[in-house]
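Comments concern the structure below.
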């Protein structure tokens, strides 16, 4: 197995000699593999087989909010979804009444209310806008100029509630917003006929924050709109750099329907390879659309892994969902869609002294099928066991979007224990919160590790150790980045 060392915090060992001599050598400021692990306290963790309801991954339920119904998101509905293990809601807005005019303020407010309900209920949206959900409803979409006006109308909502938008699907074009049956965007376009669709995509890229992705339905929707070759893929160097190419993700709404997923790949193996490479760094999700000879568990698990799936529809197609239940791969799918982080070992400074450095080394593995695709913070948090108001944390310079499946992940952090920190026994946590301030303190939006006896739901943290911190009698100070006190959640 390839080993990936993620050096989370490279702090110079600017340490006065009064602090613990055992951690005052260069060799011992590195990972325990190269710095005498016997000088750090080792902790092992037990993996869990629990199905975890983590943010931005897993099964979602499909909900439609059309102009000809009054359906809305309610707290009771979101509570029921979470109890069923779902943190994602697919929200499709079919704007049948606005194919020839601007969106009404009433409908815009309905969208705002739904987004606010998602935030209050601890959920996120896979979001799509379209004009019809039936091939029998003509016209299939609105003129491009009007659609661009609609996007501008939606801009304030998309900006305000981008914290609870997991991904925005490109939509708008054609029936279901799937970019196929269309009146205004060149039906079955050839390679050089994607300019009208590119204009819609450009408009969406401009109104969404740079850290959010736009998903398109087919490989050619990215290849031909940007006029790139299938080998012009995102790399580790170009991933998440906020360029337009790095922000175009994918959805497949006929997964395993036949040998070509109902035309998804145009029977071109190069397009499959393109998706395999690209989806390592972008969002990938969708739904099945019919039972087929290809929809069995063996093919499903293989392709979920190959194309780095993070989320899929639980509601459709029911025959395929039932097949996975019958063939007994449903639990594996529930556990492995998206990321699944499991701790194996931890190493800690055995005797923490106030004013001196403290070292934490954690070894994890991602047993899911994908890495997170939206920004995610990594924090080490100390909480005093008796005086809970004494909470200290440090944000590490790491990016879980690069914590890929089947690679060893090593987190290494070295930081100071500030002199203002009271001595006593502390619980140490690994916190993986959403970085958006509106939801960063919410446990529903933090990542739970797949380990036994680590999750603290009250805080939304993962407990990794307990330690006694003592006063340093020499009154030495660590010069470098240190824990900072913060307010109780």
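Residue numbers (UniProt numbering): 1 to 489. All C-beta atoms, glycine included, are put in the ideal place defined by N, C-alpha and C. Values in this document were obtained by computation on a predicted structure and should not be read as measured data.
Given residue i, which residues of its chain have a CB within under 6 angstroms of its CB, disregarding the five upstream and five downstream residues?
i	result
residue 193	186
residue 394	380, 415, 483
residue 25	Residue confidence for residue 25 is low, a pLDDT of 31 falling below 50, so the modelled location carries little weight; the figure read from the coordinates is stated next. Contacts found: none.
residue 454	462, 463
residue 511	Nothing about residue 511 can be read from this structure; the chain reaches only from 1 to 489.
residue 400	372, 376
residue 97	67
Do you know how far the Cα of residue j is from the Cα of residue i?
i	j	result
residue 245	residue 210	11 angstroms
residue 312	residue 253	9 angstroms
residue 48	residue 334	14 angstroms
residue 368	residue 412	22 angstroms
residue 290	residue 326	16 angstroms
residue 113	residue 396	35 angstroms
residue 474	residue 375	41 angstroms
residue 149	residue 107	15 angstroms
residue 123	residue 38	43 angstroms
residue 386	residue 431	20 angstroms
residue 162	residue 133	25 angstroms
residue 221	residue 115	28 angstroms
Any idea what DSSP makes of residue i, helix, strand or coil?
i	result
residue 24	Because the pLDDT of residue 24 is 33, which lies under 50, any placement of that residue in the model is unreliable, and the question is left without a value.
residue 130	strand
residue 251	strand
residue 466	strand
residue 287	coil
residue 92	strand
residue 271	helix
residue 72	coil
residue 262	coil
residue 430	strand
residue 412	strand
residue 395	strand
residue 445	helix
residue 121	coil
residue 380	strand
residue 277	helix
residue 32	Since pLDDT at residue 32 reaches only 38, below the 50 mark, its modelled position is unreliable, and no value is offered.
residue 363	strand
residue 58	strand
residue 147	helix
residue 318	helix
residue 302	helix
For residue i, I'd like the list of residues in its chain whose CB is within less than 8 angstroms of its CB, leaving aside the five on either flank, ordered along the chain.
i	result
residue 168	127, 128, 158, 204, 208, 212, 213, 214, 215
residue 40	32, 347, 348, 349, 350, 359, 361
residue 75	117, 120, 121
residue 181	135, 140, 174, 175, 187
residue 72	65, 110, 113, 114, 117
residue 338	54, 56, 57, 58, 309, 310, 311, 368, 369, 370, 372
Excluding five sequence neighbours on each side, which residues of the same chain lie with their C-beta closer than 7 angstroms to the C-beta of residue i?
i	result
residue 198	225
residue 219	265, 271, 274, 275
residue 465	43, 346, 348, 428
residue 258	292, 294
residue 301	329, 332
residue 471	354, 423
residue 299	256
Taking all protein chains shown into account, decide if residue i is buried (16 or more other Cβ within 10 angstroms of its Cβ) or exposed.
i	result
residue 323	buried
residue 269	exposed
residue 318	exposed
residue 263	exposed
residue 391	buried
residue 125	buried
residue 261	buried
residue 486	exposed
residue 22	Because residue 22 sits at a pLDDT of 38, beneath the cut-off of 50, its placement in the model cannot be relied upon, and the following sentence gives the value as read from the coordinates. Exposed is the call here.
residue 448	buried
residue 142	buried
residue 227	exposed
Just checking: is the beta-carbon of residue i within a distance shorter than 7 angstroms of some beta-carbon in chain B?
i	result
residue 169	Included in the structure is just one protein chain, with no chain B present.
Sorry if obvious, but does the Cβ on residue i come closer than 6 angstroms to a heavy atom of the ligand NAP?
i	result
residue 296	Absence of the ligand NAP from the depicted structure is noted, as is the absence of any ligand whatsoever, leaving it without description.
Closer than 8 angstroms is the cut-off here; do at least three beta carbon pairs connect the stretch 455-464 with the stretch 55-68? no
Quick check: the stretch 170-189 against the stretch 227-244, are there 3 or more CB pairs under 8 angstroms? no
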